[in-house]
Amino acid sequence: MKQARQTCTTYMEAFSYKNGSLYAEDVSLEALAGRHGTPAYVYSRAAIEAGWRAYADAFSGRDTLVCYSVKANGNLAILDLLARLGSGFDIVSGGELERVLVAGGDPGKVVFSGVGKRADEIRRALEVGIRCFNVESEAELLRINGIAGDMSARAPVSIRVNPDIDPDTHPYIATGLKENKFGVDAGQALDLYRLAGGLDNIAATGIDCHIGSQITSIGPYIDAVNKLLSLLERLEQTGITLSHIDIGGGLGISYGDEQAPDIAGFAGTVSDLVPERYGIILEPGRSIVGNAGVLLTRVEYLKSNNTRRFAVVDASMNDLLRPSLYRARHDIIPVSERGDGAAVDYDVVGPVCETGDFLGLQRRLSLAPDDLLAVLSCGAYGFSMSSNYNSRPRAVELLVDGEHEHVIRERETVEQLMAGERILGARG
Ligand SMILES: *Cc1c(COP(=O)(O)O)cnc(C)c1O
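The sequence shown runs contiguously to residue 414 in this note's numbering.
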């Protein structure tokens, strides 16, 4: 029987078996399912905090700002926990900015990424005083300058450079190749900094990149940092001096078989490369929360045909999209260990009407109806990518802290799903 220990090698053993029953810290998942129902996302406070501290500690000798990437998991309780540790935040929308503010995050530690920033989002970010706009095009730079001018403000910006590096990850989450929509190429970046120098309401403060996600080797980061550093050198030759280098997020985690890069080793390498006069900004998401959460689901039915056995569970692609979207593999383990004499291969599938709706294919499990399963490593891009497809209310989110449990997002109701909708009146 595969143990949950793999999920938490970088933190503590947040999810582990006690007397044959799976626990989140000191709370049994069986008991949680009984009290809150399924499907349920369950997070460990200790694991989240350990995930953030791994970065803060590894870079402690340097002027560093760790900006947690909100899109990995934007629950207010999680943002609050990280804000209390002193975290900054990497946002990609005005909605994420409002979340950070409500959770008590410091706007002065917010960096704003994304190719499509709207005028109202830029205005709001200037109003609250974010740390930096990570600018992805000339048109965006000019728009920010115009809005800052209207507000008699000066917008701090960095140019997002697309370093044309293959991070060897799934094509949908590789973002630093020249055919991707993100950032600008090195030559264009130099032009944009020159342009920025002549704009009254822009202050170029840094340079940034983000080359992709779930990257399991450090090589591509070294290449990216070196490219940014050579750009910084060329900029300095033309009299443009910046104060920070933002190397993005994207460090991978172990979902089972892969080896996650060691954060201390990563920090050492990056710190050696980047001269002391530059502050370092990081934007990790997945590597902070990914292994700090599981998706708890119950078996509704077992069925089989001539070729396959299916375990139909009550969670589906609307709760966890990654298997369907990226063919991502998440380990799936039983909440109650049983003698696995009867283990057979199941496709673990949800109720949604799509053949692509599966949580895992060909998993060796010993199952009976009503059994509980835990889908591991669901803390990042799990709930945040969930939808209401098939009019399925989104799952409850629970945070465990030692022996305490907190409902950090109530299970949605069908009424909430329909709340904004209107039928045409009798004369319609
Ligand atoms: C998504 C994203 C991140 C976080 O990536 P992870 O793989 O979760 O670490 C950081 N920066 C930017 C610009 C992003 O789009």
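Don't be surprised by glycine CBs; every beta carbon is placed ideally from N, CA and C.
- Pairing Y287 with N61, the inter-Cα distance amounts to about 31 Å.
- The Cβ-Cβ distance between H156 and E269 does not fall below 8 Å.
- Of the candidates G238, T224 and G184, G238 places its Cα closest to the Cα of P206.
- Judged by DSSP in its simplified three-state form, K57 adopts helix.
- With a cut-off of 7 Å, the C-beta of V78 is classified as near ligand 1, since at least one heavy atom of the ligand falls inside that distance.
- With contacts defined by Cβ atoms closer than 8 Å, D333 and V285 do not form a contacting pair.
- Residue burial is scored here from C-beta neighbours: V335 has at least 16 other C-beta atoms within 10 angstroms and is therefore classed as buried.
- S372 is not a Cβ neighbour of D300, given a cutoff of 8 Å.
- Within the stretch 266 to 300, the complete beta strand (DSSP E) segments at least 3 residues long are 279 to 290 and 295 to 299, listed from N- to C-terminus.
- Ranked by Cα distance from N187, the options T224, P142, V170 and A297 are led by P142.
- In the same chain as T202, and ignoring 5 residues on each side of it, the C-beta atoms closer than 7 Å to its own belong to G238, E244, Q245, A246 and P247, in chain order.
- Note that the C-beta distance between A58 and A366 is below 8 Å.
- If you draw a straight line from the Cα of E398 to the Cα of W38, it is about 29 Å long.
- Following the DSSP letters along the chain, one finds Q348 inside the beta strand (DSSP E) bounded by residues F344 to L351.
- Of all alpha-carbon atoms in R395, A412 and L385, the one lying nearest the alpha-carbon of D12 is that of L385.
- Distance from Y41 to I249 at the Cβ level is roughly 6 Å; contact confirmed, criterion being Cβ atoms closer than 8 Å.
- Counting other Cβ atoms within 10 Å of its Cβ, C118 reaches 16 or more and is therefore classed as buried.
- For T191, the enclosing beta strand (DSSP E) starts and ends at I188 to D194.
- Relative to the non-hydrogen atoms of ligand 1, the Cβ of G102 never comes closer than 7 Å to any of them.
- Annotated as distal: V101 and D76, with beta-carbon spacing of 8 Å or more.
- Residue pairing by DSSP places A141 opposite I188 in a beta bridge.
- Between the beta-carbon of I231 and that of V275 there is about 24 Å, and that puts the pair past the 8 Å contact cut.
- Exclusion of the five residues before and after Y9 leaves F1, S2, Y3 and L15 as the residues of its chain whose Cβ lies within less than 8 Å of its Cβ.
- With a beta-carbon spacing of about 11 Å, V382 and L281 fall beyond the 8 Å limit used to define contacts.
- By the CB criterion at 8 Å, G265 and D49 fall inside the cutoff.
- Check the Cα spacing between L228 and each of P25, I204, N292 and S144: the tightest is with S144.
- Bridge pairing for L385: Y29 and H392 [DSSP].
- With respect to the C-alpha of R294, the residue from V114, Y27, R350 and D152 having the closest C-alpha is R350.
- Counting only the Cα atoms, P309 lies some 26 Å from S7.
- Taking 8 Å as the upper bound for CB-CB distance, A210 and I151 are in contact here, some 5 Å apart.
- Secondary structure note for Y312: its alpha helix (DSSP H) is the uninterrupted segment R308 to Y312.
- In the DSSP assignment, Y9 forms a beta bridge with S2 and S14.
- For I249, the enclosing alpha helix (DSSP H) has its first and last residue at I249 to L259.
- Distances from the CB of L237 to the heavy atoms of ligand 1 include at least one below 7 Å.
- When beta bridges are read from the DSSP output, I201 appears opposite L237.
- Looking only at D92, G135, S123 and K103, the smallest Cα-Cα distance to A175 is reached by S123.
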